[in-house]
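Trainee: The structure is given below, and queries will be raised subsequently.
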Amino acid sequence: MRGYPVLTIAGSDSSGGAGIQADLKTMTMLGCYGMSAITALTAQNTTGVREIHPVPAAFLQAQIAAVCEDIPPLAVKIGMVYDVPQIHAIAEMVQHYRLTKLVLDPVMIATSGASLLRSGAQKALKENLFSLAALITPNIPEAEVLTGTAITSPEQMEQAALQLSAQFRTAILLKGGHAAAQCDDVLAKDGSCIWLHGERVPTTDTHGTGCTLSSAIASHLALGFSLEESVRRAKAYLTQALQAGLHLGHGNGPIAHNAPSFFQKDAI
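Numbering (our numbering), first residue to last: 109 to 376.
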């Protein structure tokens, strides 16, 4: 039996719906062996983030080194990183251990509106980590920040995805969940775009959707699927998790990570 190890580098969500907890649940459901390096402890629930306690950069490096020297990951997902020293530490480890199949979710703002990225870290994120990723997965508000332009139409989504892909020399999955009319994503790579149509699920239980999607993509890459197929399968998993309707908490509830029977037996 193969383990298909996947590493998530992200923050901990005490309510279990996002971050490390969402990543590990997703990886397990998809037949992978999840491992983690925690960037920050957060005190949060479905109504918002109350406190953030970042992990020192040196200890973050120690976590990554301990994993990579014993169980080298086949793919890596990077989520919440809090400050500049952490970003430099992760970039150093990624290059030192030659980590590939890296999916980067540029987590900047929580669903509740709380800032998850310390001032000045956005520039370091773009300069040090973006070019190391195989795929970056911004949503529309994040892409607007990264491009400095408003995105209100499919044509503008394509233009923004292509701009970011060319700028950072990597694939971009621009997620359309924040769009008013549709819920389609666009995948930009090597100067061309592929539209991935999605179903908008009528629910407020959306806590952890971005974390889940990026970790599901990394899991499928570890299983051996192509980038495009990994994205398609990850979207299908996320849709099923949203449709299940877990209904926990008093705010934006978590999605049902363990509801879909989505183990990819054909990948093994």
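For glycine and all other residues, C-beta sits at the position ideal for the given N, C-alpha and C.
Which of the three DSSP states is assigned to Gly306 in this structure?
Mentor: Along the sequence shown, one-based indexing puts residue 306 at 198. In the three-state scheme derived from DSSP, where H, G and I count as helix and E and B as strand, Gly306 is classed as coil.
Trainee: Quick check: what's the CA-CA separation for Ile259 versus Val157?
Mentor: Mapped onto the sequence shown, residue 259 falls at position 151. Mapped onto the sequence shown, residue 157 falls at position 49. Rounded to whole angstroms, Ile259 to Val157 spans 27 angstroms at the Cα level.
Trainee: Quick check: the Cα distance between Ile280 and Val339, rounded to an integer number of angstroms?
Mentor: The sequence position of residue 280 within the sequence shown is 172, counting from 1. The sequence position of residue 339 within the sequence shown is 231, counting from 1. Cα to Cα, the separation comes out at about 11 angstroms.
Trainee: In this structure, how does DSSP classify Ile259 when only helix, strand and coil are distinguished?
Mentor: As a first step, residue 259 must be located in the sequence shown, where it is residue number 151. In the structure shown, Ile259 sits in coil (DSSP, three-state: anything other than H, G, I, E or B).
Trainee: Could you spell out where the beta strand (DSSP E) holding Pro381 opens and where it closes?
Mentor: The question about residue 381 has no answer, for the chain in this structure spans 109 to 376.
Trainee: Once you ignore the five residues that flank His161 on each side, which residues in its own chain have a CB closer than 7 angstroms to its CB?
Mentor: Reading the sequence shown from its first residue, position 53 is the one you call residue 161. For His161, where only same-chain residues beyond five positions count, the Cβ hits under 7 angstroms are Ala148 and Leu149.
Trainee: Taking DSSP's pairing of strands, which residues face Gln171 in a bridge?
Mentor: Reading the sequence shown from its first residue, position 63 is the one you call residue 171. According to DSSP, Gln171 bridges with nothing at all.
Trainee: Quick one: any contact between the stretch 322-332 and the stretch 134-145, if contact means 3 or more CB pairs under 8 angstroms?
Mentor: yes
Trainee: Leaving out five residues before and five after Cys291 in sequence, what residues of the same chain have Cβ atoms less than 7 angstroms from its Cβ?
Mentor: Translated into positions along the sequence shown, residue 291 becomes position 183. Result list for Cys291: Gly284, Gly285, Gly306, Glu307 and Arg308, in chain order.
Trainee: May I ask you to report which of helix, strand or coil DSSP gives Tyr345?
Mentor: Taking the first residue of the sequence shown as position 1, residue 345 is located at position 237. Tyr345: helix per DSSP, three-state reduction.
Trainee: Which residues in the same chain as Gly111 place their Cβ atom closer than 7 angstroms to its Cβ, once the five residues preceding and following it in sequence are excluded?
Mentor: Taking the first residue of the sequence shown as position 1, residue 111 is located at position 3. Closer than 7 angstroms at the Cβ level, and outside the excluded window around Gly111, lie Tyr141.
Trainee: Taking Cβ positions, are Gly125 and Pro362 nearer each other than 8 angstroms?
Mentor: Here residue 125 refers to the residue found at position 17 of the sequence shown. Here residue 362 refers to the residue found at position 254 of the sequence shown. Contact: yes.
Trainee: Taking the Cβ atom as the reference point for each residue, do Tyr190 and Ala229 lie within a distance shorter than 8 angstroms?
Mentor: Numbered from 1 along the sequence shown, position 82 holds the residue referred to as residue 190. Numbered from 1 along the sequence shown, position 121 holds the residue referred to as residue 229. Cβ distance < 8 angstroms, so Tyr190 and Ala229 count as in contact.
Trainee: Is the stretch 205-219 close to the stretch 237-248, with three or more CB pairs under 8 angstroms?
Mentor: yes
Trainee: Looking at the unbroken beta strand (DSSP E) that takes in Pro193, where does it start and where does it end?
Mentor: Walking along the sequence shown from the start, residue 193 turns up at place 85. Pro193 -> not in any beta strand (DSSP E); alpha helix (DSSP H) instead, spanning Val192 to His204.
Trainee: So, Glu266 versus Cys301, is the Cβ gap smaller than 8 angstroms?
Mentor: Within the sequence shown, the letter at position 158 stands for residue 266. Within the sequence shown, the letter at position 193 stands for residue 301. Contact: yes.
Trainee: Smallest Cα separation from Leu304: which of Ser323, Thr320 and Leu282?
Mentor: Position 196 of the sequence shown, counted from the start, is the residue given in the question as residue 304. Of the listed residues, the one whose Cα sits closest to Leu304 is Leu282.
Trainee: Give me the Cα-Cα distance between Gln129 and Gly119, rounded to the nearest whole angstrom.
Mentor: Residue 129 sits at position 21 when you count from the first residue of the sequence shown. Residue 119 sits at position 11 when you count from the first residue of the sequence shown. Answer to the nearest angstrom: the Cα atoms are 9 angstroms apart.
Trainee: How is Met188 classed by DSSP in three states: helix, strand or coil?
Mentor: For the purposes of this step, residue 188 is identified with residue 80 of the sequence shown, where counting begins at 1. Coil, per DSSP.
Trainee: Taking the CB atoms as reference points, tell me whether Leu115 and Pro181 lie closer together than 8 angstroms.
Mentor: Your numbering for residue 115 matches position 7 in the sequence shown. Your numbering for residue 181 matches position 73 in the sequence shown. Taking 8 angstroms as the Cβ cut-off, Leu115 and Pro181 qualify as a contacting pair.
Trainee: For Asp298 and Gly357, I'd like the C-alpha separation in whole angstroms.
Mentor: Taking the first residue of the sequence shown as position 1, residue 298 is located at position 190. Taking the first residue of the sequence shown as position 1, residue 357 is located at position 249. The alpha-carbon of Asp298 is positioned some 42 angstroms away from that of Gly357.
Trainee: Quick check on Asn366: does DSSP put it in helix, strand or coil?
Mentor: On the sequence shown, position 258 is the one that residue 366 refers to. Three-state result, Asn366: coil.
Trainee: Go ahead and pull the three-state DSSP assignment for Lys373.
Mentor: Translated into the one-based positions of the sequence shown, residue 373 becomes position 265. With a pLDDT of only 47 at Lys373, under the threshold of 50, the placement of this residue in the model should not be trusted; the figure read from the coordinates follows. It is helical.
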